[in-house]
Amino acid sequence: MGVRLKDWERWLQKAKEDLRWSRASLKEGIYYGVCFAAQQAAEKALKAYLLSCGQSPRRIHDLVGLLEDCIEKDKTFEGLLDQAAVLSGYYAETRYPDIGEFMGYSKAQAEEASKFAEVIINFVDNYTH
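For the sequence shown, the positions run 39 to 167 when the working numbering is used.
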């Protein structure tokens, strides 16, 4: 029987998988998919951090709101506000055709989104280990 992961570890592992999903979408040129997967990766990473602190994360997709919860635990999370704000905007508009244009995302936006998710995941990874 393998080692059972803690809840926060499973969330962080899933965040890293979503980052891989983001990168795979980038290779395929599915830029809206990159942005969505990057938002999901960052969301799961922030929730992982909160779980690692013994706090149940709110069931929201607003990365700035989740980041504010993280900042209450550790002020150094303030350095992620810009990245969280950009990624937070990708949740709804990349999922629903009546909110955002699926084909309206550039390669540069997608690369930025993937990089921002990586920054957030690495930050959380450093604080949970």
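Where a beta carbon is used, it is the ideal one built from N, C-alpha and C, also for glycine.
Would the beta-carbon of residue 99 fall within 8 Å of that of residue 129? Translated into the one-based positions of the sequence shown, residue 99 becomes position 61. Translated into the one-based positions of the sequence shown, residue 129 becomes position 91. A contact, by the Cβ cut-off of 8 Å.
Please state whether DSSP places residue 143 in a helix, a strand or coil. One-based indexing of the sequence shown puts residue 143 at position 105. DSSP places residue 143 in coil when its eight states are reduced to three.
In whole angstroms, what is the alpha-carbon distance linking residue 149 and residue 52? Taking the sequence shown and counting its residues from 1, the one referred to as residue 149 is at position 111. Taking the sequence shown and counting its residues from 1, the one referred to as residue 52 is at position 14. One Cα belongs to residue 149, the other to residue 52, and the distance between them is close to 20 Å.
Out of 109, 151, 107, state which residue places its alpha-carbon closest to the alpha-carbon of residue 127. The count along the sequence shown starts at 1 and reaches residue 127 at position 89. Ranking 109, 151, 107 by Cα distance to residue 127 puts 151 first.
Pairing CB atoms from the segment 77 to 89 with CB atoms from the segment 103 to 123, are three or more of them under 8 Å? Yes, they touch.
Rounded to the nearest angstrom, how far is the Cβ of residue 59 from that of residue 85, given a contact under 8 Å? As a first step, residue 59 is located in the sequence shown; it is residue number 21 there, counting from the start. As a first step, residue 85 is located in the sequence shown; it is residue number 47 there, counting from the start. Contact between residue 59 and residue 85 is absent: CB atoms are separated by about 17 Å, not below the 8 Å threshold.
By alpha-carbon positions, which one of 57, 144, 71, 162 ends up nearest to residue 118? On the sequence shown, position 80 is the one that residue 118 refers to. Residue 162 is the option with its Cα nearest to residue 118.
CA-CA distance, residue 159 and residue 122? For this step, residue 159 is matched to residue 121 along the sequence shown. For this step, residue 122 is matched to residue 84 along the sequence shown. Whole-angstrom Cα-Cα distance: 11 Å.
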